[in-house]
Amino acid sequence: MTDVAVDARARERLSLGWWGVAMLIATEAALFAMMIGSYFYLRFKNAHWPPPGVPEPKVVVPLVLLGVLMLTAFPMWRAARSATPRRWLLLALFVQSGYFAMEVSDFQDDLHHFTPQQHAYGSIYYTLLGADHGHVAVGLLLNAWLLWKLLFGMTEYRRKAIRAIAFYWYAVIVLTIVVTLTVTSPAFAR
Amino acid sequence: MTSTVAERVGRLERQWAERPGVLGWLTTTDHKRVGLLYFWTTLVFFGAGGVEALIMRSQLIKANNSLVGPEVFDQLFTVHGMTMIFWFIIPMTTGAFGNYLVPLMVGARDMAFPRMNALSFWIFVASGIFLYIGLFSGFGPDAGWFNYVPLADRHFDPSRNIEFYTLALAFNSIASTLTSANLIVTILKLRAPGMSFNRMPLFCFAFLAASFGLIFALPSLSVDLLFLYLQRNLGFHFFDAAHGGSSFLWQHLFWFFGHPEVYILIVPAFGIATEIIPAFTRRKMLAFPLVAIAELLVVFIGFGVWAHHMFATGLPSTTLVFFAGATSMVVIPSTIQVFAWTMSIYTGRPKFRTPLLFIVGFIVMFVAGGLTGIMFLAIPFDQQVTDTYFVVAHFHYIIFGAAVFPIFGGMYYWFPKVTGKLYFERPGQISFWIIFVGTNLLFFPMHIVGLLGMPRRVYTYPGDMGWTSYNLVESIGGYVTAIGILVLFANLVVSYFRGAPSGPDPWHGPTLEWSVPSPPPEYNFAVIPTVSSAYANWDSDDRERDGHRLTAGVGTLERGHEQHVSSLIDGWTAEIVDMPHASPWPILLALALSLLFAMLVITKFMFAAIFLVIVALTLLGWHGKEPQER
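Here the protein sequences come in this chain order: A and B. Quick note: the first sequence, position 140, residue 140 per the working numbering, numbers continuous. Quick note: the second sequence, position 175, residue 1175 per the working numbering, numbers continuous.
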């Protein structure tokens, strides 16, 4: 025998890759906490938020889109547990791509009404949303990479990768909830 | 058919062998090699930061001196601060000591993410080259290491100097984050069977604390740097009061990172102290659980005290009092550790060899720096001495005394482990005394000259202020310190070539790294050790059993590039995994990222986007080869 026996008492089955993603999420959560902290810091430094001449943030469309993004947690969760994860991943990628396209279009539409160079409000608004959309884009690339890998069959490495990437998506969804509620908050605060 | 011990070891040697030559070093993922690469590179930056300090001290040696002008002096003190913090102490502790020693101490064969480890090193090197390209081309950062706006805004600093600050630091932060994530997962998941949390060396607790500190503090700096970059280059308004921004936002974000950073600098040094003290006093550390908790707590409390750097900025009194109170709490975990170190030495049988001398020097300097730190809690006193040399004296006692002294002690302590040679003791002790006297000559008069009103960051001063003689003593202290450091390194270099063989365990050290040959083989442990206490190398029964297991072929993991993964709390073996080996992808990815950052400095965003695509393609190549299925 040349092995170290796996201890039956060790029930944990989270891969090292999952732990790596957990570290990424921890540091990204801190990053967003700082940006959101900055948003409210600037907000409380200003008497008018948004400033005069800048329209109130849209509420209905971002919240509906947020709901759509939240729903994609289900196919990701199924993919992480299924023997045939490709269809679940494909479904998730399809909806996530739709979400991303709508958000990018919404972002461009906002830029027609006010710019980040106008006032600190626009600066933090676009930076916060841009950072969030960037994280969604990375998630899309990761899902696309997984689907490409799965074309060549399933391995233990790929199974671990699906779990780790699903974990990343849950975190992106939570971040997006917080970011969306932050940028739409002036509409609720009246 | 059963294999002999020699056959087993031979198999391990073949499986874990590194490529020879320069290519081997460029593509290595071995934690010991990466640790050594960090060590040498960091020393180069230490030399650069030291030369900058000596030029500043030479400029200030007399009144109205004109060795360097104000523009150069601004760049010197800014780059000196940045270098010593981000390119010397953090990479020396987490990158060199952490990388080399943590896997050995927890009984692992490598770090949890070997290629990411190599990547963090190459990014670190690139970020340092980046900073110094700025300095040598006359665009060195010049607004102080905390780079306050509006001074650092384009209006007052229109050239590229601040872009070198923001992007070099952002780049460096990526390297530190990768190293920290790697250390955390290694400590949490690669511990030897039986090494539950309470049996983990205090050194690992310290590195766990520092790594968590970095993971949560660096994002605050990154956000600040991003905001500044956007404001300077794309006309955003985060810090611009005329457009709804606030210059205070820079300071809050900076110090939310900057204060935990102080503990991130010194906690690994605490960890080094908790290794050296047991080895040279022949006793286990006193109050082990309290010291472990204090190491974690000091970083945790460090996140709640940042505004004490802003006492003179006009914040409301209630805020000041709150932060003064919060800061006073840092005394509790710090004092627990000071008492534990001193009483462990007092109640043990201390042999004052060079490493322990450096630790005693560290305790003296830390207590002195800590006492002036407490003085800042008196808000009016803080407001009086803000931006004077008193502050410079305080933080150099902490950073040089409390962070660098243990690093020097650690260099001597682990020198036999890394090289297989003994250092020369007498020159070692002489180097300690020269450095100890030199640093006190250098930094103590700064307290007095600060109280006399000398502001920091002035490139010269008039002769009739009563500061001249103090400055002369400080400069002499600077040269003496430099001589002491040269003696230290000369001793280590000569010892490397002429030192007597050390054997695996010259100090009868307490932790697992002393149970393997010196220098350790590529696979670290021929048999995965089992552990039943935090001082595993002193448990001779366990180590004897490891020998029997090697003979019987139990726990040797010799079928491939194998590593055991443990359960989070108890250290039970949960899985055996195949680890990556030498790879060209880390250095290629670091190169692509360097070009991306270079394009951001000169604001060529289209080219930056192209390099971003190349970064993504490199990552694709990185993940092309999958580990062996077991």
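Note that beta-carbon positions come from the ideal geometry of N, C-alpha and C, so glycine has one too.
- Of all residues in the stretch 1232-1255 of chain B, only L1234, G1235, F1236, H1237, F1238, F1239, D1240, A1241, H1243, G1244, G1245, S1246, F1248, L1249, H1252, L1253 come within less than 9 Å of chain A when Cβ atoms are compared, listed by chain position.
- Residue-level contact by beta carbon holds for B:P1219 and chain A, with a gap shorter than 8 Å.
- The alpha-carbon separation between B:R1019 and B:L1026 amounts to approximately 10 Å.
- Between B:I1359 and B:G1409, the CB-CB gap stays under 8 Å.
- Here the stretch 1372-1379 of chain B makes no contact with the stretch 1236-1245 of chain B; the two share fewer than three CB pairs at distances below 8 Å.
- Chain order gives the chain B residues near A:I124 as F1238, where near means a beta carbon separation below 8 Å.
- Judged by their CB atoms, B:F1362 and B:A1393 are not nearer to each other than the 8 Å cut-off.
- Counting every other CB atom within 10 Å of its CB across the protein chains shown gives A:V61 a total below 16, marking it as exposed.
- In the structure shown, the three-state DSSP call for B:Q1251 is helix.
- About 13 Å separates the beta carbons of B:L1600 and B:V1615, which is beyond the 8 Å limit, so they are not a contact pair.
- The Cβ of B:A1609 sits no closer than 8 Å to any Cβ of chain A.
- In the DSSP assignment, B:E1575 falls outside any alpha helix (DSSP H) and within the unbroken beta strand (DSSP E) covering 1573-1578.
- Apart from sequence neighbours up to five positions away, the residues of its chain that approach B:F1236 with a beta-carbon distance below 8 Å are F1227, L1230, ordered along the chain.
- Runs of the beta strand (DSSP E) lying entirely within the stretch 1530-1598 of chain B, each at least 3 residues long, are 1562-1566, 1573-1578 in chain order.
- Taking a C-beta distance under 8 Å as the contact criterion, B:Y1397 and B:W1250 do not qualify as a contact pair.
- Following the DSSP letters along the chain, one finds A:L151 in no alpha helix (DSSP H), marked with neither H nor E.
- DSSP places B:T1313 outside both helix and strand once states are collapsed to three, so it counts as coil.
- Within the DSSP bridge table, the entry for B:K1421 names B:P1501 as partners.
- Shown here, A:T84 sits in coil according to DSSP, grouped into three states, outside any helix or strand.
- Around the beta-carbon of B:M1465, fewer than 16 other beta-carbon atoms lie within 10 Å, marking it exposed.
- Among the CB atoms of chain A, one or more fall inside 8 Å of the CB of B:K1189.
- Sequence-ordered contacts of the stretch 1332-1348 of chain B with chain A are nonexistent [C-beta pairs closer than 8 Å].
- Listed along chain B are S1567, D1570, W1572, each with a C-beta nearer than 8 Å to that of A:R9.
- The beta carbons of B:F1164 and B:P1141 sit about 6 Å from each other, so the pair counts as a contact at 8 Å.
- Of all residues in the stretch 1094-1112 of chain B, the ones placed with a Cβ closer than 7 Å to any Cβ belonging to chain A are A1112, in chain order.
- The alpha-carbon of B:F1121 is positioned some 13 Å away from that of B:M1111.
- Going by DSSP, B:V1527 is part of no alpha helix (DSSP H) at all; its letter is neither H nor E.
- Listed by position along chain A, the residues whose Cβ is nearer than 7 Å to that of B:I1184 are M23.
- Below the 8 Å Cβ cutoff, chain B contributes T1573 as neighbours of A:A5, in chain order.
- One finds nothing in chain B with a Cβ atom closer than 7 Å to the Cβ of A:A144; even the nearest lies about 11 Å away.
- Residue contact check for B:L1286 against chain A: no CB pair falls below 8 Å.
- Around the beta-carbon of A:A166, 16 or more other beta-carbon atoms lie within 10 Å, marking it buried.
- Residue contact check for B:P1316 against chain A: no CB pair falls below 8 Å.
- Within the same chain, Cβ atoms closer than 8 Å to the Cβ of B:E1013 are found at P1521, E1522, Y1523, the five residues on either side in sequence being excluded.
- Under DSSP, B:T1388 shares a beta bridge with B:P1455.
- Annotation: Cβ neighbours of A:Y157 in chain B (cutoff 7 Å, chain order): E1626, P1627.
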